[in-house]
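What follows is a set of notes on a single structure, which appears directly below.
Right under this line is the structure:
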């Protein structure tokens, strides 16, 4: 195996992604691994970094097109492209992440509140059962 390249199983283990998910991301063009003559996928550290970025974007609800756009921005910046629009687009993603993270925090607070309400109801029902004499 060429230096620095790893097979899909190691990528899956390192990132906590399924093989199917990694293959899907390849099918939609988010990552393009090298191939051995026998057709085995080989991933570079750059490929793994791209997949890690996609993994972080997924729970925030970014679309595949948005993921592609951010990957293009980061790729271009990594090779020294100094197009000012890249930084502006990156800032747009920063703002979107902040908004989406706030929304997730609000949803988590609601879920915790709901769980606490259910716990109180359960405890109240248990007390009522203990206080009610049998017929």
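Numbering (my numbering), first residue to last: 1462 to 1596.
Idealized CB from N, CA, C, for every residue including glycine.
Keep in mind the model is a prediction, meaning the values are calculated, not measured.
Who are the Cβ neighbours of residue i in its own chain at under 6 Å, not counting the five residues just before and after it?
| i | result |
| --- | --- |
| residue 1504 | 1467, 1472, 1494 |
| residue 1566 | none |
Here's a check: name, in chain order, each residue in its chain whose Cβ is nearer than 7 Å to the Cβ of residue i, leaving out the five neighbours to either side.
| i | result |
| --- | --- |
| residue 1561 | 1521, 1522 |
| residue 1483 | 1469, 1472, 1473, 1512 |
| residue 1554 | 1531 |
Residue range of the alpha helix (DSSP H) that residue i falls in?
| i | result |
| --- | --- |
| residue 1503 | Unbroken run through residue 1503 is the beta strand (DSSP E), 1502-1504; no alpha helix (DSSP H). |
| residue 1472 | 1469-1476 |
| residue 1602 | An answer regarding residue 1602 cannot be provided, because it is not within the stretch 1462 to 1596 covered by the chain. |
| residue 1480 | 1480-1488 |
Quick one: using the 10 Å Cβ neighbour count with 16 as the cut-off for buried, is residue i buried or exposed?
| i | result |
| --- | --- |
| residue 1511 | buried |
| residue 1480 | exposed |
| residue 1502 | buried |
In angstroms with no decimal places, state the Cα-to-Cα distance between residue i and residue j.
| i | j | result |
| --- | --- | --- |
| residue 1528 | residue 1515 | 6 Å |
| residue 1564 | residue 1525 | 20 Å |
| residue 1574 | residue 1586 | 18 Å |
| residue 1534 | residue 1558 | 15 Å |
| residue 1465 | residue 1538 | 22 Å |
| residue 1470 | residue 1582 | 46 Å |
| residue 1475 | residue 1577 | 35 Å |
| residue 1543 | residue 1570 | 41 Å |
| residue 1486 | residue 1584 | 46 Å |
| residue 1580 | residue 1556 | 36 Å |
| residue 1536 | residue 1547 | 10 Å |
| residue 1497 | residue 1545 | 38 Å |
| residue 1550 | residue 1517 | 18 Å |
Can you list, in chain order, the residues of its chain whose CB lies under 8 Å from that of residue i, leaving out five sequence neighbours each side?
| i | result |
| --- | --- |
| residue 1532 | 1491, 1511, 1514, 1515 |
| residue 1488 | none |
| residue 1499 | none |
| residue 1599 | The question about residue 1599 has no answer, for the chain in this structure spans 1462 to 1596. |
Sort the options by Cα distance to residue i and report the nearest one.
| i | options | result |
| --- | --- | --- |
| residue 1519 | 1572, 1549, 1478, 1556 | 1478 |
| residue 1540 | 1483, 1485, 1507, 1580 | 1507 |
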